[in-house]
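This report concerns only the one structure given below.
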Amino acid sequence: MTGFASREARAAFIAGLPKAELHLHIEGSLEPEMMFSLAQRNGVSLVFENVEAIRAAYDFSNLQDFLDIYYQGMAVLLTEQDFFDLTTAYIDRAATDGVRHVEIFFDPQGHTARGVPFANVVGGIARALAEAEARGISSRLIMCFLRHLSEDDAQATLDEALPFLPLIHGVGLDSSEVGHPPEKFARVFARARDLGLKIVAHAGEEGPPDYVWQALDVLQVDRIDHGNRALEDAALVGRIVSEGLTLTVCPLSNLKLCVVEDLARHPLRRMLAAGLRATVNSDDPAYFGGYVNANFIAVADALDLTRDEIVTLARNSFTGSFLTSAEQARHLAAIDSWAAG
Ligand code: ADE
Ligand code: ZN
Numbered sequence: 248m249t250g251f252a253s254r255e256a257r258a259a260f261i262a263g264l265p266k267a268e269l270h271l272h273i274e275g276s277l278e279p280e281m282m283f284s285l286a287q288r289n290g291v292s293l294v295f296e297n298v299e300a301i302r303a304a305y306d307f308s309n310l311q312d313f314l315d316i317y318y319q320g321m322a323v324l325l326t327e328q329d330f331f332d333l334t335t336a337y338i339d340r341a342a343t344d345g346v347r348h349v350e351i352f353f354d355p356q357g358h359t360a361r362g363v364p365f366a367n368v369v370g371g372i373a374r375a376l377a378e379a380e381a382r383g384i385s386s387r388l389i390m391c392f393l394r395h396l397s398e399d400d401a402q403a404t405l406d407e408a409l410p411f412l413p414l415i416h417g418v419g420l421d422s423s424e425v426g427h428p429p430e431k432f433a434r435v436f437a438r439a440r441d442l443g444l445k446i447v448a449h450a451g452e453e454g455p456p457d458y459v460w461q462a463l464d465v466l467q468v469d470r471i472d473h474g475n476r477a478l479e480d481a482a483l484v485g486r487i488v489s490e491g492l493t494l495t496v497c498p499l500s501n502l503k504l505c506v507v508e509d510l511a512r513h514p515l516r517r518m519l520a521a522g523l524r525a526t527v528n529s530d531d532p533a534y535f536g537g538y539v540n541a542n543f544i545a546v547a548d549a550l551d552l553t554r555d556e557i558v559t560l561a562r563n564s565f566t567g568s569f570l571t572s573a574e575q576a577r578h579l580a581a582i583d584s585w586a587a588g
């Protein structure tokens with residue numbers, strides 16, 4: 248137990264550590280209780296009888312198993328108030344976990360395809376994030392394109408987003424990875440870059456190292472979401488290290504989606520040892536069994552992470568964020584002050 252007297256002492260250190268969360272799908276923070284109450288409020292019928300039945304269905308063998316349930320769950324989200332309530336509930340959890348800054352993904356196509364106006368989605372999320380700012384939690388919003396849909400669909404979504412660009416800091420790429428390589432979206436990402444948006448993409452979660460190369464070379468990403476399978480290619484690791492790109496790693500997600508067999512075999516320590524700027528994130532916490540601190544504590548226990556490794560992960564969460572360097576410096580000083588005891 249390097250640097251700590253006990254697991255409990257390590258968990259307490261993690262709990263109080265200032266941190267940023269850089270990989271959080273807001274729709275993936277929809278807890279079963281809220282899914283039920285929104286279903287009632289909106290007159291939407293669910294296939295599940297109760298909250299326990301919903302939780303029991305969260306037994307996934309791969310990413311697609313999860314996505315099938317995730318898209319079903321988000322069907323209860325209709326009004327601006329729904330998106331506000333969802334985001335406020337996440338911010339409450341994040342505040343408890345010592346999160347000082349969040350970069351939140353949302354999946355507009357999962358809503359507009361059901362007839363929900365784009366303005367309801369962005370408006371509700373942004374209103375909650377403005378309130379979070381007043382509570383001392385800063386944020387950035389990242390609009391993701393669903394990669395199982397066409398590039399034309401992504402282009403139409405970017406068109407719809409144009410009036411809201413002051414609220415949107417970047418674009419990402421998520422949903423079913425295998426069979427939908429980054430190069431499928433080359434043109435829409437080039438357009439987003441020209442609009443001055445930051446670029447991120449899920450790559451190497453289930454997909455091969457070649458998809459991570461494409462995220463770098465074709466999409467020109469500013470950050471890589473997951474990136475686990477980059478470790479299979481030493482030249483790729485060298486490239487990511489030399490560019491200083493951050494990986495947003497999601498330990499409990501990796502476990503629940505069978506990306507890793509066991510958290511004791513999670514590649515997080517190997518990533519840090521290779522010089523990769525890894526961070527710890529919750530991905531879809533309502534589905535994967537824990538928010539950011541639970542992710543930190545589970546992976547720290549499984550890998551017996553040291554105090555230095557934990558501090559590095561927290562520092563990376565700010566240096567890998569889209570905050571200005573002055574804002575990053577303020578958070579890094581808060582980490583140093585917590586670590587100094
Ligand atoms: N959408 C929500 N969570 C996701 C994940 N872990 N991978 C790909 N798409 C997602
Ligand atoms: Zn994700």
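If you want my numbering, it's the position in the sequence shown, counting the first as 1, plus 247.
Backbone N, C-alpha and C define an ideal beta-carbon position, used for all residues, glycine too.
Remember, it's a predicted structure, so these values are computed and weren't measured experimentally.
Over the uninterrupted beta strand (DSSP E) stretch that includes arginine 347, give me the two end residues.
-> 346-353
Near lysine 431, which residues of its chain fall below 8 Å by C-beta distance, leaving aside the five closest residues on each side in sequence?
-> Arg394, Glu398
Once you ignore the five residues that flank serine 276 on each side, which residues in its own chain have a CB closer than 6 Å to its CB?
-> Tyr337, Pro532, Ala533
Considering only C-alpha positions, which residue in the set Leu325, His473, Leu269 is nearest to serine 310?
-> One point to set straight first is that residue 310 is leucine, not serine, in the sequence displayed. Comparing Cα-Cα distances from leucine 310 to each of Leu325, His473, Leu269, the minimum goes to His473.
So, using beta-carbon positions, are serine 500 and aspartate 464 closer together than 8 Å?
-> no
Counting only the same chain and skipping the five closest in sequence on each side, list residues whose C-beta sits under 8 Å from that of valine 468.
-> Ile446, Val447, Ala448, Ala450, Ala462, Leu492
Go to arginine 440, then tell me how far its alpha helix (DSSP H) extends in each direction, as first and last residue.
-> 433-441
Within the present structure, is the beta-carbon of aspartate 421 separated from the nearest heavy atom of ligand 2 by less than 7 Å?
-> yes
Just mark asparagine 297 as buried or exposed, buried being the case when its beta carbon has 16 or more other beta carbons within 10 Å.
-> exposed
Cutoff 6 Å; reference aspartate 329; Cβ partners in own chain excluding five residues on either side | Leu285
Rounded to the nearest angstrom, how far is the Cβ of phenylalanine 331 from that of leucine 271, given a contact under 8 Å?
-> Contact flag wrong, Cβ pair sits at about 16 Å.
When burial is assigned at 16 or more other CB atoms within 10 Å of the CB, is leucine 405 buried or exposed?
-> buried
Can you tell me whether DSSP reads valine 323 as helix, strand or coil?
-> helix
DSSP-derived helix/strand/coil call for glutamate 268 = strand
Cβ pair arginine 562, isoleucine 582 closer than 8 Å = yes
Roughly how many angstroms separate the alpha carbons of serine 423 and leucine 314, rounded to a whole number?
-> 8 Å
Own chain, CB closer than 8 Å to leucine 444, minus 5 neighbours either side, in chain order | Leu412, Ile415, His416, Gly417, Val418
For leucine 420, which of helix, strand or coil comes out of DSSP?
-> strand
What number of angstroms, rounded off, separates the C-alpha of leucine 324 from the C-alpha of histidine 358?
-> 8 Å
Which residues bound the beta strand (DSSP E) around valine 496?
-> 493-496
For the candidate residues Leu502, Ala437, Ala573, whose alpha-carbon lies nearest to that of glutamate 453?
-> Leu502
Cβ of proline 514 within 8 Å of Cβ of asparagine 542?
-> no
Under 7 Å Cβ to Cβ from glycine 522, same chain only, skipping five residues before and after it: list those, please.
-> Val488
Going by the beta-carbon positions, is the gap between alanine 525 and leucine 560 smaller than 8 Å?
-> yes
Let me know if asparagine 289 comes out buried or exposed under the rule of 16 or more other beta-carbons within 10 Å of its beta-carbon.
-> exposed
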